[in-house]
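Enquirer:
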């Protein structure tokens, strides 16, 4: 059984890299970010509004995080989300943290979400601060403390293929798993 947790900054490549690791390892991907976005949509809120709502309603994060823990306990999964690795660390075989420069992340979010660079920059900055405050308040976790991670990777100047390859090489080496080097 394998449990890989991928966390990181907004726009750092978490979902893309986690999806590829899951695909190549042949295990499901569980994305806390997707669940969070789905909850926001159901409540008729945009992402920033929902982050603010979650700040005043800690049960939102606790629900998302409890689902991640349940899935981690079951095994054979790649879990992805901002806080996921901190929450599932006791059950994870490998924890990966992705980061990138603020400008790089804002550019990626701008392209992905079809927003202006300025709007994406504002959103990334605000989401990061809201996440930091919420996780500190709810769990006493400082998301700037990366000491729980097995691999911290700056994706600022890496292609998706290179970031996936580095993450996958590290994961497979750590778990003594062989895989085909043909990816993406």
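In the working numbering, the protein residues as written are 12 to 195.
Where is the CB? At the ideal position from N, CA and C, for every residue including glycine.
1) In the DSSP assignment, what residue or residues form a beta bridge with residue 106?
2) In the structure shown, what three-state DSSP assignment does residue 169 receive?
3) Do the segment 175-182 and the segment 100-111 meet, that is, are 3 or more Cβ pairs less than 8 Å apart?
4) Is DSSP giving residue 194 helix, strand or coil here?
5) Which whole-angstrom value is the C-beta distance of residue 72 and residue 83, which I expect to be below 8 Å?
6) Tell me whether residue 36 sits in a helix, a strand or coil according to DSSP, three-state version.
7) For a quick check, are the C-beta atoms of residue 32 and residue 97 less than 9 Å apart?
8) Per DSSP, which one or two residues make a beta bridge with residue 91?
9) Per DSSP, what kind of secondary structure is residue 157 in: helix, strand or coil?
10) Around the C-beta of residue 195, are 16 or more other C-beta atoms found within 10 angstroms, so that it is buried, or is it exposed?
11) Going residue by residue through the segment 50-85, where are the continuous alpha helix (DSSP H) segments of at least 4 residues, counting only ones entirely within it?
12) Answer yes or no: do residue 13 and residue 38 have a C-beta to C-beta separation smaller than 9 Å?
13) Quick check on the burial criterion: 16 or more other C-beta atoms within 10 angstroms. Buried or exposed for residue 188?
14) Which residue from 100, 58, 67 and 162 puts its Cα closest to that of residue 76?
15) From which residue to which residue does the alpha helix (DSSP H) around residue 142 run?
16) Suppose contacts are defined by Cβ-Cβ distances below 9 Å. Is residue 119 in contact with residue 24 by that definition?
17) Would you give the residue range spanned by the alpha helix (DSSP H) that residue 118 belongs to?
Expert: Based on what the coordinates show:
1) Residue 106 is bridged to 16.
2) Correct three-state label for residue 169: coil.
3) The count of Cβ pairs closer than 8 Å, one atom from the segment 175-182 and one from the segment 100-111, reaches three, so the stretches are in contact.
4) Note that residue 194 scores 49 on pLDDT, short of 50, meaning its location in the model is unreliable and no value can be drawn from it.
5) About 16 Å separates the beta carbons of residue 72 and residue 83, which is beyond the 8 Å limit, so they are not a contact pair.
6) Correct three-state label for residue 36: helix.
7) No, the pair does not count as a contact, with Cβ atoms beyond the cut-off.
8) 17 and 42, per the DSSP bridge assignment.
9) DSSP places residue 157 in coil when its eight states are reduced to three.
10) Because residue 195 carries a pLDDT of 44, less than 50, the predicted location of this residue cannot be relied on, and the following value inherits that uncertainty. Exposed, by the Cβ-count rule.
11) The segment 50-85 contains these whole alpha helix (DSSP H) runs: 58-67 and 70-85.
12) Closer than 9 Å, so yes.
13) So residue 188 counts as exposed.
14) When only C-alpha atoms are compared, the closest one is 100.
15) From DSSP, the alpha helix (DSSP H) with residue 142 extends over 128-150.
16) In terms of Cβ geometry, residue 119 and residue 24 form a close pair [threshold 9 Å].
17) 113-124 is the extent of the alpha helix (DSSP H) around residue 118.
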